[in-house]
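Asker: Chains as they are written, first to last, in this note's numbering: chain A, -2 to 487; chain B, -2 to 487.
#1: According to DSSP, simplified to helix, strand and coil, what is residue 130 of chain B?
#2: Helix or strand or just coil, what does DSSP make of residue 241 of chain B?
#3: Do residue 166 of chain B and residue 128 of chain B count as a contact pair if the criterion is CB distance below 8 angstroms?
#4: May I ask you to report which of helix, strand or coil DSSP gives residue 359 of chain A?
#5: Does the distance from the C-beta atom of residue 161 of chain A to that of residue 169 of chain A stay below 8 angstroms?
#6: Measuring straight from C-alpha to C-alpha, what distance separates residue 153 of chain B and residue 142 of chain B?
#7: Indicate whether at least one CB of chain A lies closer than 8 angstroms to the CB of residue 320 of chain B.
#8: Taking 8 angstroms as the threshold (beta carbon to beta carbon), is residue 467 of chain A in contact with chain B?
#9: Against residue 471 of chain A, what residues of chain B qualify as contacts under a CB-to-CB distance less than 9 angstroms, listed in chain order?
#10: How long is the line joining the alpha carbons of residue 327 of chain A and residue 479 of chain A, rounded to whole angstroms?
#11: Counting Cβ pairs closer than 8 angstroms, one from the stretch 298 to 317 of chain A and one from the stretch 224 to 244 of chain B, do we hit at least three?
#12: Using 10 angstroms around the beta-carbon of residue 357 of chain A, count the other beta-carbons present and answer buried if the total reaches 16, otherwise exposed.
#13: When the cut-off is 8 angstroms and only beta carbons count, does residue 388 of chain B lie next to chain A?
#14: Considering Cα atoms alone, identify which of A/96, A/436, A/68, A/18 is closest to residue 463 of chain A.
#15: With a threshold of 6 angstroms on Cβ separation, who are the neighbours of residue 89 of chain B within its own chain once the five nearest residues in sequence on each side are excluded?
#16: Cβ closer than 7 angstroms: which chain A residues qualify as neighbours of residue 54 of chain B?
#17: Threshold first: 3 residues or longer. Then list the beta strand (DSSP E) segments lying entirely within the stretch 261 to 309 of chain B, N to C.
#18: From the DSSP secondary-structure annotation, give me the bridge partner or partners of residue 152 of chain B.
#19: Measuring alpha carbon to alpha carbon, tell me which of A/64, A/249, A/427 ends up nearest residue 310 of chain A.
#20: If residue 122 of chain A and residue 93 of chain A are in contact, beta carbons under 8 angstroms, what's the gap, nearest whole angstrom?
#21: Which of the three DSSP states, helix, strand or coil, is assigned to residue 80 of chain B?
#22: Do we get a CB-CB distance below 8 angstroms when we pair residue 77 of chain A with the residues of chain B?
#23: In the DSSP output, what is residue 421 of chain B paired with across the bridge?
#24: Go to residue 19 of chain B, then tell me how far its beta strand (DSSP E) extends in each direction, as first and last residue.
#25: Pull up the CB-CB distance for residue 30 of chain B and residue 7 of chain B, whole angstroms please, since I reckon it's below 8 angstroms.
#26: In this structure, how does DSSP classify residue 96 of chain A when only helix, strand and coil are distinguished?
#27: I'd like the span of the beta strand (DSSP E) that includes residue 69 of chain B, first residue to last.
#28: Could you tell me the boundaries of the beta strand (DSSP E) in which residue 489 of chain A lies?
#29: What is the DSSP secondary structure of residue 118 of chain A, counted as helix, strand or coil?
#30: Where does residue 238 of chain B land, buried or exposed, given buried means 16+ other C-beta within 10 angstroms?
#31: Once the 5 residues before and after residue 176 of chain B are set aside, which same chain residues still bring their CB inside 6 angstroms of it?
#32: Tell me whether residue 397 of chain A sits in a helix, a strand or coil according to DSSP, three-state version.
#33: Among B/21, B/28, B/95, whose alpha-carbon lies nearest the alpha-carbon of residue 60 of chain B?
#34: Quick check on DSSP: helix, strand or coil for residue 175 of chain A?
#35: On the DSSP letters alone, give me the boundaries of the beta strand (DSSP E) that residue 65 of chain B sits inside.
#36: What residues in the stretch 5 to 35 of chain B bring their beta carbon closer than 8 angstroms to a beta carbon of chain A?
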């Protein structure tokens, strides 16, 4: 039974292949080769087979698989027309021992009946070659900076703690591209898995759950594979057992969207009501159909967990949703209060002893000693830090500080202000709360430079109060889910 | 009666003052002077009074109001401490004829009882000087590139068709700054009005309704003024009578937000249920508490109306909400379908003759001749334009084309693609539908250059499908409201 092959297994060599063979290599897919070059993959372990080219990107091409001088290959990237796909894979498997095949070829199960037939044949071939596992077809494949592999040269070479499992190559690429450029997201092991005729999402999730390089997993899911009836149940069980946050974005949430899924991966879309129940039973986080939101949420999870891992501490999640906003603008503060309240956060007012203490520290002349804390003109004074620290106690879970870009980062007033920001940050972190800077987005050199400085110094920087608040709420939601699951397991 | 002064009047000289006096001019408020310099206001008509400085930004300062050599002043910018505010205004009005006063001074009615007293006194003074009208106190004032005035040097010098009336100076500044940089928004007449002790929102709306330089008005509203009981009714009547779109953003939508309003402008916040009823009765558009959304919506209204005005035609608004998405990505297309469906748009499938026609034009091998129209690999071919044109007929109201940045804008393939984009644009416009390019946002030189090119050529460019769709829906909503009102008036 093919189903039986799906035991929990190591995908170490899939993400960190000791050697790679591209068949057939051609100019059209040179991005694969450029990706390996950029990641500084050891080129003596990269083998290209091409019936036409003698070399590509400076790398020698072998005329046929027979000329390739090694017998065992960790990763085969198979890029041939669909009408010779079955023949190619049969031929290669008869000549070489292949651990993993990435079938890049598209136009199979998602396209027509002929394509479905091809997939069935490949499934049969793999069944007879239990040592070979496969991702795809119809997928972009792998990105693992730890393993020095990437299918695009534009992907970062630095490693991170985010794993991706995506049923869309384009969304997968965009997640890496936009995420790395917007928020400096960095990834551990990422895979665009396409039509899933062999390796399933459940298997990869299980693997990532035990992978020390991964702290968080993002999934883009379109549906269950036609050829693996048991994947639904297996997936549910794995989702239940996940010890790491899983941000789960489904394509085909609406009936109209499900029609669109059919022409994409040909997967069996699942009904909303089923998913609502799955989200209730498992610690996974439901993400709306927006790549931007997925990237926003991933940012806070990735950086939040990273901070605790660096301190070698167990990750703490917010247990309440009381927010303090610090800014310099009455109007913005009112909008913030409205939007946060509508999102379900609490914006507690200062009262009693706390308010007295704040008034003692800063007998205010302008602005307001309230929440939002509106303190114009004093942002560069020490009292700004003192008031902020007194305002941020255990009754506050989340602090947002709204700022605009500064033109001159060498200015004395800026330096005092910035030192206040660093002071607030370390105070917030010392009591395990979440601190986010809100720096609205617009094209500007000053903004770019200020943003880079903040990011370098470890601030979490969001472009809007709403996006930061929604991201915080996901962190809070995950914390609550974990509490419930820990309680149920007692 | 002071109320009687509020007749419909011309604010021409407020926005286009023939001369301006700043009292007192000092380094702390040099942004005002820099604003005038940047807008190339005729400096011989800018008078500064300062008890301390001899000159500021190269402009001579008069020692006292007595030395100012003119008798009639269109605009007085009054910036004095609150404790000498009443005395200063009394003194100046006894010596000069002043058409408009912008009272910059803060810390009045919004701050304490003493401040409320000051406001009552000023109201009394203005009552006795019917030739003098005033904005403020507690406001940033005016921006009108037609009149060459601006309170910040960073505001664009080019004029546009957007008027602003904001009860928050900071939000007003941010609207201009972010709007101009994100979307090249350009403004006609903008005013941060503060505590509204004289000129009211209703008066300005009425004025803008007849102002040929203004096509759309954005309002940021916190509440009705304490000193003008009749403004509520008047505002409702003016809102009912508006012939131009009014994008209306309220601060203090939530009860918690209303508490925040009290410390800001001290205005009387109004209840949600009342506003729901006002939005039902009037053609104005309710904007959620998000400056980003207000800017997004303003963009589509401003550019859409501008296009019709240039053609000297009556503006047509979308009468249905059928959307076509053109892209190169299955996954993105599915998310788009979901998000559009959830927002309440229709994503109609191609059927019958239309589908036959599309298949004839492009017997597809890859991608899908569906909606979203996913046509990879052929974006630079002529057939791409032909398929798109055939897909965009009267059954479609709104077309979104998702693209990514191109590195080389001189590349031959890019040029063919770009010519396709221009072809689609002119086809869509020829049948009075709306066409928007979706170019996701991330820091990148290529993106910046491509964005600039698209904008220069008159494309509407949004950073996400969701934001574009929500903006389109506001245009649609406005069209429906107009239809109802035209029908009611028959």
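Glycine is no exception: its CB is placed at the ideal position from the N, C-alpha and C atoms.
Answerer: Per the coordinate set shown:
#1: As a working note, residue 130 of chain B is residue 133 in the second chain. Of the three classes helix, strand and coil, the one that applies to residue 130 of chain B here is strand, per DSSP.
#2: Stepping through the second chain from its first residue, residue 241 of chain B is reached at position 244. It is coil, neither helix nor strand.
#3: Here the question's residue 128 of chain B lines up with position 131 in the second chain. Here the question's residue 166 of chain B lines up with position 169 in the second chain. The answer is no: Cβ separation not under 8 angstroms.
#4: Numbered from its first residue, the first chain carries residue 359 of chain A at position 362. In this structure, residue 359 of chain A counts as coil in the three-state DSSP scheme.
#5: Your numbering for residue 161 of chain A matches position 164 in the first chain. Your numbering for residue 169 of chain A matches position 172 in the first chain. Between residue 161 of chain A and residue 169 of chain A, the gap from beta carbon to beta carbon is short of 8 angstroms.
#6: Along the second chain, one-based indexing puts residue 153 of chain B at 156. Along the second chain, one-based indexing puts residue 142 of chain B at 145. A direct Cα-Cα distance of roughly 8 angstroms separates residue 153 of chain B from residue 142 of chain B.
#7: In the second chain, the residue the question calls residue 320 of chain B occupies position 323. Cβ-Cβ to chain A under 8 angstroms: no for residue 320 of chain B.
#8: Position 470 of the first chain holds residue 467 of chain A. No - not a single Cβ of chain B is within 8 angstroms of the one on residue 467 of chain A.
#9: Numbered from its first residue, the first chain carries residue 471 of chain A at position 474. Proximity of chain B to residue 471 of chain A at the Cβ level (cut-off 9 angstroms) is not reached, the minimal Cβ distance being about 17 angstroms.
#10: Here residue 327 of chain A corresponds to residue number 330 of the first chain, with the count starting at 1. Here residue 479 of chain A corresponds to residue number 482 of the first chain, with the count starting at 1. When rounded, the distance between both Cα atoms is 37 angstroms.
#11: Under the 8 angstroms Cβ criterion, the stretch 298 to 317 of chain A does not count as touching the stretch 224 to 244 of chain B, having fewer than three qualifying pairs.
#12: The residue labelled residue 357 of chain A in the question sits at position 360 within the first chain. Of the other Cβ atoms in all chains shown, fewer than 16 fall within 10 Å of the Cβ of residue 357 of chain A; this residue is therefore exposed.
#13: Looking up residue 388 of chain B in the second chain gives position 391. At least 8 angstroms separates the CB of residue 388 of chain B from every CB of chain A.
#14: Here residue 463 of chain A refers to the residue found at position 466 when the first chain is read from its first residue. Nearest C-alpha to residue 463 of chain A: A/436.
#15: If you number the second chain from 1, residue 89 of chain B lands on position 92. Excluding positions up to five away in sequence, the list reads 62.
#16: Translated into positions along the second chain, residue 54 of chain B becomes position 57. For a Cβ distance threshold of 7 angstroms, nothing in chain A lies close to residue 54 of chain B: the least Cβ distance comes to about 18 angstroms.
#17: Within the stretch 261 to 309 of chain B, the runs of beta strand (DSSP E) at least 3 residues long that lie entirely inside it are, in chain order, 282 to 284.
#18: In the second chain, residue 152 of chain B corresponds to position 155, counting from 1. Answer is none; residue 152 of chain B lacks a bridge partner.
#19: Against the first chain, residue 310 of chain A aligns to sequence position 313. For the residues A/64, A/249, A/427, the minimum Cα distance to residue 310 of chain A belongs to A/427.
#20: Taking the first chain and counting its residues from 1, the one referred to as residue 122 of chain A is at position 125. Taking the first chain and counting its residues from 1, the one referred to as residue 93 of chain A is at position 96. Contact doesn't hold; Cβ gap of about 14 angstroms is too wide.
#21: Start at 1 with the first residue of the second chain, and residue 80 of chain B comes out as number 83. In this structure, residue 80 of chain B counts as helix in the three-state DSSP scheme.
#22: Counted from its first residue, the first chain places residue 77 of chain A at position 80. False, the Cβ-Cβ gap to chain B never drops below 8 angstroms.
#23: Within the second chain, the letter at position 424 stands for residue 421 of chain B. In the DSSP assignment, residue 421 of chain B forms no beta bridge with any residue.
#24: Along the second chain, one-based indexing puts residue 19 of chain B at 22. From DSSP, the beta strand (DSSP E) with residue 19 of chain B extends over 17 to 20.
#25: Locating residue 30 of chain B in the second chain gives position 33, where the first residue counts as 1. Locating residue 7 of chain B in the second chain gives position 10, where the first residue counts as 1. Between residue 30 of chain B and residue 7 of chain B a beta carbon distance of about 27 angstroms is seen, past the 8 angstroms cut, so the two are scored as non-contacting.
#26: Residue numbering aside, residue 96 of chain A sits at position 99 when the first chain is read from its first letter. It is a strand residue.
#27: Counted from its first residue, the second chain places residue 69 of chain B at position 72. Looking at the DSSP string, the run of the beta strand (DSSP E) that includes residue 69 of chain B is 69 to 75.
#28: One cannot answer for residue 489 of chain A here, as it falls past the ends of chain A, which runs -2 to 487.
#29: Residue mapping note: residue 118 of chain A aligns to position 121 of the first chain, counting from 1. Looking at residue 118 of chain A - three-state DSSP - the assignment turns out to be helix.
#30: For the purposes of this step, residue 238 of chain B is identified with residue 241 of the second chain, where counting begins at 1. Answer is exposed; the Cβ neighbour count stays below 16.
#31: In the second chain, residue 176 of chain B corresponds to position 179, counting from 1. If we look at residue 176 of chain B and ignore the five residues flanking it on each side, its Cβ neighbours are 182, 292.
#32: Looking up residue 397 of chain A in the first chain gives position 400. DSSP places residue 397 of chain A in strand when its eight states are reduced to three.
#33: For the purposes of this step, residue 60 of chain B is taken as residue 63 along the second chain, with counting starting at 1. Considering only alpha carbons, the answer is B/21.
#34: For this step, residue 175 of chain A is matched to residue 178 along the first chain. Three-state DSSP puts residue 175 of chain A in a helix.
#35: Taking the first residue of the second chain as 1, we reach residue 65 of chain B at position 68. Premise fails: residue 65 of chain B is in no beta strand (DSSP E) and is neither H nor E.
#36: Residues passing the 8 angstroms Cβ filter: none.
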